[in-house]
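One structure below.
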Amino acid sequence: MTQVKTKNDVGKITIPARHAKAAFVTKRQHIKVINTHGTQVVDCWALNADNMTEFMSMEHCRVSLESVIPRKGDTMVTNRRRPILKIIEDSAGGTHDTLLAACDRYRYELLGCKDYHRNCTDNFWEAMVEAGYKPVELPAPFNLWQNTPVEPDGRIKPNPPVTKKGDFIVLRAEMDLVICLSACPQDITSICGNKPRNAHFEVGVELTYYRHSRWFRALNDDFNA
0 MTQVKTKNDV GKITIPARHA KAAFVTKRQH IKVINTHGTQ VVDCWALNAD
50 NMTEFMSMEH CRVSLESVIP RKGDTMVTNR RRPILKIIED SAGGTHDTLL
100 AACDRYRYEL LGCKDYHRNC TDNFWEAMVE AGYKPVELPA PFNLWQNTPV
150 EPDGRIKPNP PVTKKGDFIV LRAEMDLVIC LSACPQDITS ICGNKPRNAH
200 FEVGVELTYY RHSRWFRALN DDFNA
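Under numbering that gives the first Met the number 0, think of the first position of the sequence shown as 0, with each following residue one higher.
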């Protein structure tokens with residue numbers, strides 16, 4: 000399977016630990032997000048590139064999917080109930096979260112932090128401005144690889160990660176959009192294994208994402224070097 004390049008391809012981008020990156024994605028392009036070290040939660044947002052009052056909405060996704068856990072083949076929708084991202088591949092088998100809000104300074108204050116703690120809310124605004132965009136609000140995130148299932152008694156428990164090094168998800172843009180990805184800075188609870196790490200993503204028309212491909216093994220070797 001050959002990787003196709005277009006003028007909108009951005010290649011491999013590092014999401015630094017505790018920070019975020021944003022990128023423009025054209026309709027039908029694929030976004031491959033890689034859990035490089037296997038323990039990192041990545042908050043994911045997608046906004047209509049032409050009108051940022053429209054964005055991927057977890058509330059509307061749960062209604063559309065009739066599930067709190069999106070899986071391979073599912074289509075994420077916007078606050079106007081239009082398709083925005085489709086899950087093409089998911090090596091982690093649906094270990095994601097659609098319920099929890101992005102962490103913010105107030106969350107860390109409640110957890111006992113006396114000084115400023117980096118957080119996904121500030122990461123979102125910082126990355127979007129850095130990329131030249133001005134969103135009007137912070138949507139609820141699609142929390143990739145966050146292991147916080149709903150327990151039988153209705154509680155939500157922040158469990159340690161169960162993903163493996165190199166796990167990935169491939170998303171297809173269903174409209175021109177801006178993707179924003181934050182390597183969650185959470186180091187107090189165990190959802191990131193108590194040690195935030197970097198992650199990576201790529202954007203392209205067609206991506207080689209099959210786990211047993213020569214390209215994937217080479218990519219893992221590169222990350223592990």
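Ideal Cβ placement from N, Cα and C applies to all residues, glycine included.
For clarity, every value in this text was computed on a predicted model and none was experimentally measured.
query, result
"Using 10 angstroms around the beta-carbon of residue 5, count the other beta-carbons present and answer buried if the total reaches 16, otherwise exposed.", "With a pLDDT of only 41 at residue 5, under 50, the local geometry of the prediction cannot be trusted, and no value is derived from it."
"Do three or more CB pairs link the segment 186–196 to the segment 87–94 at distances below 8 Å?", "no"
"Within 8 Å, do at least three Cβ pairs link the segment 119–131 to the segment 147–167?", "no"
"Check for me: the alpha helix (DSSP H) holding residue 120 runs from which residue to which?", "119–129"
"Could you round the C-beta distance between residue 30 and residue 198 to whole angstroms and report it? I think they count as a contact, below 8 Å.", "Wrong, their Cβ atoms sit about 12 Å apart, outside the cutoff."
"Ignoring anything shorter than 4 residues or poking outside the segment 53–117, list the alpha helix (DSSP H) runs there in chain order.", "57–64 and 104–109"
"By Cβ distance, which residues of its chain are closer than 7 Å to residue 217, with the 5 residues on each side in sequence left out?", "In this prediction, residue 217 scores a pLDDT of 36, lower than 50, which makes its location untrustworthy; the coordinate-derived value is nonetheless stated afterwards. Excluding sequence neighbours, residue 217 sits near nothing in its chain."
"Measure the Cβ-Cβ separation of residue 146 and residue 161 and say whether it is below 8 Å.", "yes"
"Could you pull the start and end residues of the beta strand (DSSP E) that residue 162 belongs to?", "Premise fails: residue 162 is in no beta strand (DSSP E) and is neither H nor E."
"Output the boundary residues of the beta strand (DSSP E) element that contains residue 181.", "176–182"
"From the DSSP output, in three-state form, read off residue 137 for me.", "coil"
"Considering just the uninterrupted stretch of the beta strand (DSSP E) at residue 13, what are its terminal residues?", "12–14"
"Measuring only the C-alpha atoms, how far is residue 25 from residue 174?", "7 Å"
"Grouping DSSP H, G and I as helix and E and B as strand, with all else coil, what is residue 191?", "coil"
"So, do the segment 54–66 and the segment 111–125 have three or more beta carbon pairs nearer to each other than 8 Å?", "no"
"By the 10 Å Cβ neighbour count, where 16 or more other Cβ atoms means buried, how is residue 149 classified, buried or exposed?", "exposed"
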